[in-house]
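Engineer: Right, I'll just put the structure down here and ask away after.
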Amino acid sequence: AHAARETREAGPIGEPREAREVREPRETQQVREVREPKEAREPVRETRVSKEPRKPKEARKANRRFGVLTVPDEGLPQPLLDELAAIVEGFRAHQASGTPDLTVIAELTKRKAAALEQWAEEPYPVGTRIVRTEADRATKAYETTLRQIAQQQGIPYESTLADGGSDGHWPVSGLGQPVRGALNHIASTTPGNASVSRLLALVCLLRGVGTGKANLTGPDLRIVCGTEGELAVGELTTSGWLEADVEELLATEEDPVGCGVPGAEGFSLGKLPRTRASGWIARVISYKKLRRQPAQVRLAAACIAAHSDATGASRCDLPFLAALTATRPEDLDAIVTALVDAGWIDKAVVETGVLHAQMAPEQLIFVEALRTNTPVQTLQIAARAAAAEAAAAAEAAAEAGS
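With positions in the sequence shown counted from 1, the corresponding number in this note's numbering is that position plus 31.
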């Protein structure tokens, strides 16, 4: 006990008694550990080394601003002013749609580059250097959009250049691409000799791609082929394009019959595009103004709509249209006349072997369904709801005014 007491008095183990007397009090140690405040230190400024003087704040902001041009009140031709205004409205409408469409962007960007090039050629101060810079930027943006289209559609970039350099016509993307692919497959394989056979082949292709089986019923066959169901099935089965029993098909009313589709070999689609494309074709051929038309007229209607741009302007090569509808090129005039009379298209003209047509305004919903990859019936329901809401608002406004 006496040894332990001496150890505590001496301090830590191994420290002699004399060291305790030399050690400084704890309060002194705390005082020495207190550092000087930062404010008391003299600041050290680093010398800024720069080869160029700092630019004013306003100048730096001006350099970062791009893509905004002020159209002068005078000095530009009126057609150019109209084109610039139309381009701006086109971009605004595309942005308001909420659905990005590369084909629309490509067309508008190409027009923008051409308009700015024309503006840049004007004498200074109307044609300034910044206009030339924006024209170059628009050209590069157009090329970038073409590359995106090529990647999206799985085609060479050079082929988009060929389409973009013709007349600026861009068929809608989205669901339009698989529908055009199906039409191309029918036109290239030419199943059967009759138009009704190729219409039935198109329906079976979209229903059977991927699975190899197209489910059909008697009512389906009558809607597609009318009274020519036996002819169409006979031609397709004889050529080996379809595997089906026409009597069995006509006899069934509800339970679908699975028909083999060997003709779909070499054509592929994903499940969702296949379902949407098949539904779109079914809506077109059963449309109230087309359902009683011959098969070649309904095939041409689908082809014209699928090759339309976002505004409804369509362009179809006559040899392709003739192969798709199983008609001669000289007989296409009667088909076009029937579509005009049915209100599917407003006008049509043939130039250098190409049919240029304009979809009727009330049929643009079929083009919009392709562009947005939306079922036609969904857009029709939305349109009816919007019309009813507008009518109710107008009626309420009239009552309030009276």
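Quick reminder that beta carbons are idealized off the backbone N, C-alpha and C, glycines included.
DSSP three-state label for Asp340, please.
Structural biologist: Locating residue 340 in the sequence shown gives position 309, counting from the first residue. In the structure shown, Asp340 sits in coil (DSSP, three-state: anything other than H, G, I, E or B).
Engineer: Can you give me the C-alpha to C-alpha distance between Ser433 and Ala423, rounded to a whole angstrom?
Structural biologist: For the purposes of this step, residue 433 is taken as the residue at position 402 of the sequence shown. For the purposes of this step, residue 423 is taken as the residue at position 392 of the sequence shown. Spanning the two alpha carbons is a distance of roughly 15 Å.
Engineer: Pro202 and Thr248 look like a contact to me (Cβ under 8 Å); what is the Cβ gap, rounded to whole Å?
Structural biologist: In the sequence shown, residue 202 corresponds to position 171, counting from 1. In the sequence shown, residue 248 corresponds to position 217, counting from 1. 32 Å between Cβ atoms; not a contact.
Engineer: Does the beta-carbon distance from Leu231 to Leu273 come in below 9 Å?
Structural biologist: Translated into positions along the sequence shown, residue 231 becomes position 200. Translated into positions along the sequence shown, residue 273 becomes position 242. Closer than 9 Å, so yes.
Engineer: Indicate whether Ala146 and Leu177 have their beta-carbon atoms separated by less than 9 Å.
Structural biologist: Stepping through the sequence shown from its first residue, residue 146 is reached at position 115. Stepping through the sequence shown from its first residue, residue 177 is reached at position 146. No, these two residues do not count as a Cβ contact at 9 Å.
Engineer: Return the first residue and the last residue of the beta strand (DSSP E) that Leu386 is part of.
Structural biologist: Looking up residue 386 in the sequence shown gives position 355. Note, Leu386: beta strand (DSSP E), Val385 to Met390.
Engineer: Using a Cβ-Cβ cutoff of less than 7 Å, which residues in the same chain neighbour Arg314 once the five nearest sequence positions on both sides are dropped?
Structural biologist: Here residue 314 corresponds to residue number 283 of the sequence shown, with the count starting at 1. Cβ within range, chain order: Val407.
Engineer: At what residue ranges does the stretch 233-313 contain a whole run of the beta strand (DSSP E), taking only runs of 3 or more?
Structural biologist: Listed in chain order, they are 244-247 and 288-291.
Engineer: Can you tell me which residues form a DSSP beta bridge with Ser345?
Structural biologist: Counting from 1 along the sequence shown, the entry for residue 345 is found at position 314. Paired residues: Ser339 and Ala388.
Engineer: Could you pull the DSSP bridge partners for Glu120 from this structure?
Structural biologist: Within the sequence shown, residue 120 is the residue found at index 89, counting from 1. Paired residues: none, contrary to the question.
Engineer: Between the alpha carbons of Ala263 and Thr356, how many angstroms are there, rounded?
Structural biologist: Residue mapping note: residue 263 aligns to position 232 of the sequence shown, counting from 1. Residue mapping note: residue 356 aligns to position 325 of the sequence shown, counting from 1. Ala263 and Thr356: Cα-Cα distance of roughly 13 Å.
Engineer: What's the C-alpha gap between Thr220 and Asp167?
Structural biologist: Position 189 of the sequence shown, counting from 1, holds the residue named residue 220. Position 136 of the sequence shown, counting from 1, holds the residue named residue 167. Rounded to whole angstroms, Thr220 to Asp167 spans 44 Å at the Cα level.
Engineer: Could you say which of Pro156, Ser270 and Thr258 lies nearest to Arg322 if we only look at CA atoms?
Structural biologist: As a first step, residue 322 must be located in the sequence shown, where it is residue number 291. Among Pro156, Ser270 and Thr258, the Cα nearest to that of Arg322 is on Thr258.
Engineer: When DSSP builds the beta bridges, which residues end up paired with Ile396?
Structural biologist: The residue you call residue 396 lines up with position 365 of the sequence shown. Its beta-bridge partners do not exist; DSSP assigns none.
Engineer: Of the residues Thr130, Leu133, Thr140 and Ala225, which one's Cα is nearest the Cα of Glu114?
Structural biologist: In the sequence shown, counting from the first residue as 1, residue 114 sits at position 83. Checking every option, the nearest Cα to that of Glu114 belongs to Thr140.
Engineer: Using the C-alpha atoms, what's the distance from Gln109 back to Gly158?
Structural biologist: The residue given as residue 158 occupies position 127 in the sequence shown. The residue given as residue 109 occupies position 78 in the sequence shown. Gly158 and Gln109: Cα-Cα distance of roughly 15 Å.
Engineer: Measuring alpha carbon to alpha carbon, tell me which residue in Val119, Lys244 and Thr130 is nearest Ala400.
Structural biologist: By 1-based counting over the sequence shown, the position of residue 400 is 369. Measuring from the Cα of Ala400, the nearest candidate turns out to be Thr130.
Engineer: Quick one: residues in its chain with C-beta nearer than 7 Å to the C-beta of Val234, no 5 flanking neighbours on either side, listed in chain order?
Structural biologist: Here residue 234 is taken as the residue at index 203 of the sequence shown, counted from 1. If we look at Val234 and ignore the five residues flanking it on each side, its Cβ neighbours are Val255 and Ile312.
Engineer: Please report how far the alpha carbon of Ile376 lies from the alpha carbon of Leu386, in whole angstroms.
Structural biologist: Taking the sequence shown and counting its residues from 1, the one referred to as residue 376 is at position 345. Taking the sequence shown and counting its residues from 1, the one referred to as residue 386 is at position 355. Using only the alpha carbons, I get a separation of about 12 Å.
Engineer: Helix, strand or coil: which one does DSSP assign to Glu420?
Structural biologist: By 1-based counting over the sequence shown, the position of residue 420 is 389. Helix at Glu420.
Engineer: Just to confirm, is the Cβ distance from Ala275 to Gly291 under 9 Å?
Structural biologist: Start at 1 with the first residue of the sequence shown, and residue 275 comes out as number 244. Start at 1 with the first residue of the sequence shown, and residue 291 comes out as number 260. Closer than 9 Å, so yes.
Engineer: Beta strand (DSSP E) containing Asp377: first to last residue?
Structural biologist: Against the sequence shown, residue 377 aligns to sequence position 346. Run containing Asp377: Ile376 to Glu382, per the beta strand (DSSP E) assignment.
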